[in-house]
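Protein chains: 2
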Amino acid sequence: MKKVTIKDVATRSGVSISTVSQYLNGRYNYMAEETKEQVKEAVRELNYQPNFMARNLKNRSTKTIGIIVSNILHHFAVSLTRKIEDYCDMNGYSLIICNADDDPDKEQKYINNLISKQVDGLIIMPTTENDELYKRMANQRFPLVFIDRYMADVDVPVFKLNNSEAVKTAYDFLQSRGAERFCYIGVADQLQLTPRVERRDQFLKLAEKNNHLEHQVIKDTNNLLTERISQEFVDTDKTGIILANDFALMAFLNYVSESGINIRGRHHIVAIDNLPLADVYQPRFATITQPIEEIASNAYETLMQQVENQTEPRQMISEYEGALIDR
Amino acid sequence: MKKVTIKDVATRSGVSISTVSQYLNGRYNYMAEETKEQVKEAVRELNYQPNFMARNLKNRSTKTIGIIVSNILHHFAVSLTRKIEDYCDMNGYSLIICNADDDPDKEQKYINNLISKQVDGLIIMPTTENDELYKRMANQRFPLVFIDRYMADVDVPVFKLNNSEAVKTAYDFLQSRGAERFCYIGVADQLQLTPRVERRDQFLKLAEKNNHLEHQVIKDTNNLLTERISQEFVDTDKTGIILANDFALMAFLNYVSESGINIRGRHHIVAIDNLPLADVYQPRFATITQPIEEIASNAYETLMQQVENQTEPRQMISEYEGALIDR
DNA sequence: CTGTTTTACTAAAACGTTTTAGTCATAGGA
DNA sequence: TCCTATGACTAAAACGTTTTAGTAAAACAG
């Protein structure tokens with residue numbers, strides 16, 4: 001597969017490389033109509049695709065940004081990526097999607113990879129473990145925004161759900177439905193990820209403030225769920241359950257399904273993150289949807305400001321409210 | 328943000344550009360230990376990242392492949408991408424993910440984009456509308472494989488589910504459970520996508536062969552579902568339902584949820600594609616899982632053979648069996 | 001001590017573009 | 001008529017690497 005270069009096009013159309021380049025870049029100012037046609041024809045005939053590498057070795061911008069997704073199997077993450085892709089598309093940018101899998105090493109690898117590929121900017125859902133790297137990027141004024149998570153000492157704009165408010169909304173909702181004891185189900189987190197920490201902390205704070213002594217926090221859905229939660233379920237009709245995210249919800253529903261427990265109408269449930277499943281699952285449960293649209297558009301805009309105006313990234317935490325959907 | 332180049336590293340470590348390049352490429356054969364250390368130090372201090380553009384302008388390979396996903400919101404597509412990413416990772420390749428959204432124009436844009444970015448090969452779930460482009464790529468011996476779909480006249484290896492067998496398995500299963508009438512629910516398809524066509528055709532063939540005159544094919548879940556299916560549901564206990572994919576399943580469950588119909592135990596259902604939801608939904612229904620692992624590994628291997636051995640793509644349809652999961 | 005080999009390093013060409021600074025006709029203006 | 005402007009094009013430098021073909025010194029063989 002020998003590649004077609006600008007030289008081939010030049011030879012074929014009988015003009016110089018420079019003229020072909022002018023044509024390709026739409027600078028027709030001083031170009032005879034005939035020449036234009038000849039080049040056009042040659043490009044078509046040879047099916048010429050400009051070499052992006054060569055082009056962007058000269059140019060400043062690659063018109064490409066990268067997103068490093070925490071976990072591509074997470075519905076919130078894909079939906080967000082999907083939205084950002086739309087914005088890129090509308091503005092003539094390409095989006096490279098990388099899946100860090102919540103693995104700091106993989107994340108680091110992808111960051112360096114994308115920088116080396118000269119992306120104009122980076123949107124990251126950080127694992128929070130590579131702070132040295134983030135700081136270095138911020139110092140070098142590399143265009144960068146964070147989504148969903150942040151670190152207090154890294155000066156990068158953040159766009160995220162107002163986790164405390166979301167949990168408060170959930171808690172209030174459950175209380176208004178008559179819940180008397182509360183259970184919070186999260187997922188195992190070796191990493192101190194913002195959403196998990198903020199949500200759990202807020203839950204504990206509220207439980208304490210309301211003097212709801214009978215509350216429970218389940219951190220690891222992998223093995224503990226089955227043992228720990230079962231008695232409570234069997235014993236009471238007045239438990240309010242908060243499911244910290246997609247994974248907690250699925251783990252919980254799996255537990256329900258496997259244990260054969262009938263939760264119909266007996267417990268009130270609010271899940272943070274809005275899986276499509278929520279629209280069809282019986283019994284119905286409430287969810288708190290993430291403000292995906294706002295996060296995506298603001299993160300994109302802010303990144304573009306950095307890319308185009310060369311403003312430097314500075315810490316700025318933008319929180320958006322989740323919306324409770326009571327089904 | 329001025330970028331650090333190999334020249335800066337050379338100046339800082341007091342050696343020539345060539346020597347730095349040798350170091351970077353791990354050719355230490357004829358290099359003094361001291362020089363090595365100095366360069367290493369300079370690279371570290373400057374946080375130097377080689378410019379991928381420049382590097383791959385010289386090199387043949389970019390060690391990058393692209394995947395063009397039909398629809399990133401489709402569970403099957405993401406899972407497959409996830410697997411392929413693992414293979415890339417293991418072999419030192421990077422994966423660029425693009426979402427064509429089942430839009431032929433977007434697909435074309437991304438294909439050209441990725442070729443222009445000099446990817447070494449491309450994995451595509453084709454929209455089937457860009458056959459001219461596919462053919463041109465195949466002719467130019469551009470390393471290429473298809474997943475999930477194919478066109479008879481395009482000479483590119485394909486890796487996909489054996490759709491006919493999958494539908495037959497589903498049909499047989501429903502029959503064995505006592506279904507007497509059959510309903511197939513697909514999704515609207517302006518495009519003639521392989522899975523949709525093959526599955527529907529097979530259903531019709533089986534219905535005819537078995538002389539099951541009371542069968543129904545619903546193509547468009549958007550508006551027809553509500554009107555068309557309701558009577559049947561209300562009227563009979565012996566309907567067997569085949570849901571053509573993720574989207575059909577969700578549309579159907581939405582319908583069930585909104586209409587308030589109780590399907591508990593009354594109908595037998597098999598859904599093709601295995602959404603995580605299937606593990607938790609009540610009542611239980613059977614699914615046919617796609618052979619994701621096999622498709623991913625074989626597609627990757629075949630692409631790599633083309634990339635590395637310069638073998639040319641030739642049509643070769645590899646079909647893998649789905650597995651019925653009866654819950 | 002001379003001639004060859006090995007070691008450690010470097011200058012310069014090349015990759016495929018874009019861009020700058022031209023060249024050379026031709027056309028207008030005086 | 002000569003001078004300047006403009007129109008149509010091009011040669012060559014530059015981008016940041018890798019690689020080839022070298023050079024010069026040190027080590028070795030005879």
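Taken in sequence, the protein lines are chains H and Z. Note that my numbering gives residue 123 to position 123 of the first sequence, counting from 1, and the numbers run on in steps of one. Note that my numbering gives residue 447 to position 120 of the second sequence, counting from 1, and the numbers run on in steps of one. Virtual Cβ for every residue (Gly too), placed ideally from N, Cα, C.
Locate the alpha helix (DSSP H) running through residue i, then write down its first and last residues.
i                            : result
serine 116 of chain H        : 104-116
phenylalanine 612 of chain Z : It is not in any alpha helix (DSSP H) - phenylalanine 612 of chain Z carries neither H nor E in the DSSP assignment.
leucine 373 of chain Z       : 360-373
serine 164 of chain H        : 163-176
serine 18 of chain H         : 17-24
serine 421 of chain Z        : Unbroken run through serine 421 of chain Z is the beta strand (DSSP E), 421-426; no alpha helix (DSSP H).
threonine 377 of chain H     : There is simply no residue 377 of chain H to check, as chain H begins at 1 and stops at 327 in what is shown.
arginine 27 of chain H       : Where arginine 27 of chain H is concerned, there is no enclosing alpha helix (DSSP H), given that its DSSP letter is neither H nor E.
Under 8 angstroms between the Cβ atoms of residue i and residue j?
i                         : j                            : result
arginine 508 of chain Z   : lysine 565 of chain Z        : yes
proline 522 of chain Z    : asparagine 490 of chain Z    : yes
tyrosine 608 of chain Z   : tyrosine 255 of chain H      : no
isoleucine 84 of chain H  : leucine 95 of chain H        : yes
methionine 380 of chain Z : methionine 151 of chain H    : no
isoleucine 292 of chain H : alanine 244 of chain H       : no
threonine 391 of chain Z  : valine 472 of chain Z        : no
arginine 136 of chain H   : asparagine 378 of chain Z    : no
serine 443 of chain Z     : glutamine 49 of chain H      : yes
alanine 686 of chain Z    : phenylalanine 530 of chain Z : Nothing about residue 686 of chain Z can be read from this structure; chain Z reaches only from 328 to 654.
valine 187 of chain H     : phenylalanine 252 of chain H : no
leucine 651 of chain Z    : isoleucine 596 of chain Z    : no
leucine 57 of chain H     : leucine 384 of chain Z       : yes
serine 297 of chain Z     : alanine 369 of chain Z       : Coverage of chain Z is limited to positions 328 through 654, which leaves residue 297 of chain Z absent and any answer about it impossible.
valine 78 of chain H      : isoleucine 474 of chain Z    : no
With DSSP as the reference, label residue i as helix, strand or coil.
i                         : result
arginine 468 of chain Z   : coil
alanine 323 of chain H    : strand
isoleucine 657 of chain Z : One cannot answer for residue 657 of chain Z here, as it falls past the ends of chain Z, which runs 328 to 654.
threonine 408 of chain Z  : helix
methionine 250 of chain H : helix
leucine 204 of chain H    : helix
lysine 160 of chain H     : strand
methionine 380 of chain Z : helix
leucine 133 of chain H    : helix
leucine 570 of chain Z    : strand
methionine 90 of chain H  : helix
Just reading off the beta strand (DSSP E) that residue i is part of, what are its end residues?
i                         : result
histidine 267 of chain H  : First-last for histidine 267 of chain H: undefined, no H or E at that position.
isoleucine 123 of chain H : 121-124
threonine 64 of chain H   : 64-69
isoleucine 622 of chain Z : Segment 619-636 is the alpha helix (DSSP H) holding isoleucine 622 of chain Z; no beta strand (DSSP E) there.
tyrosine 511 of chain Z   : 508-512
Sorry if obvious, but does the Cβ on residue i come closer than 7 angstroms to a heavy atom of the ligand ADP?
i                        : result
glutamate 459 of chain Z : Of the ligands one can find in the structure shown there are none, so the ligand ADP has no counterpart to examine.
Using a Cβ-Cβ cutoff of 8 angstroms, what residues of the segment 67-85 of chain H are near chain Z? List them in chain order. Ile72, Leu73, Val78, Ser79, Thr81, Arg82, Glu85
Count the C-beta pairs between the segment 442-452 of chain Z and the segment 385-404 of chain Z that are closer than 8 angstroms, then say yes if the count reaches three, no if not. yes
Return the residues of the segment 352-384 of chain Z that lie within a Cβ-Cβ distance of less than 9 angstroms from chain H, sorted by chain order. Asn374, Gln376, Pro377, Asn378, Phe379, Met380, Ala381, Arg382, Asn383, Leu384
Tell me whether the segment 145-158 of chain H and the segment 307-323 of chain H touch, counting them as touching only if at least three CB pairs, one residue from each stretch, are closer than 8 angstroms. yes
Using a Cβ-Cβ cutoff of 8 angstroms, what residues of the segment 612-640 of chain Z are near chain H? List them in chain order. Gln637
Tell me whether the segment 598-605 of chain Z and the segment 424-435 of chain Z touch, counting them as touching only if at least three CB pairs, one residue from each stretch, are closer than 8 angstroms. no
How about the segment 300-312 of chain H and the segment 163-172 of chain H: do they share at least three Cβ pairs that are nearer than 8 angstroms? no
With a threshold of 8 angstroms, are at least 3 pairs of Cβ atoms found where one atom belongs to the segment 621-631 of chain Z and the other to the segment 432-446 of chain Z? no
Using 8 angstroms as the threshold, is the segment 32-39 of chain H in touch with the segment 86-95 of chain H, meaning 3 or more CB pairs across them? no
Output needed in chain order: residues of the segment 266-278 of chain H with a Cβ under 9 angstroms from some Cβ in chain Z. Leu275, Pro276, Leu277
Which residues of the segment 133-156 of chain H have a Cβ closer than 7 angstroms to any Cβ of chain Z? Give them in chain order. Arg136, Gln140, Arg141, Phe142
What are the residues of the segment 448-459 of chain Z that lie near chain H, defined by any Cβ-Cβ distance shorter than 9 angstroms? none
Residues of the segment 425-447 of chain Z with Cβ closer than 7 angstroms to any Cβ of chain H, in chain order: Asn426, Asn439, Asn440, Ile442, Ser443, Lys444, Gln445
Residues in the segment 334-350 of chain Z with C-beta within 8 angstroms of chain H's C-beta atoms, listed in sequence order? none
Between the segment 564-584 of chain Z and chain H, which residues of the former have a C-beta closer than 8 angstroms to a C-beta of the latter? Met577, Leu580, Asn581, Val583, Ser584
Please list, in chain order, the residues of the segment 188-215 of chain H that have any C-beta partner in chain Z closer than 7 angstroms. none
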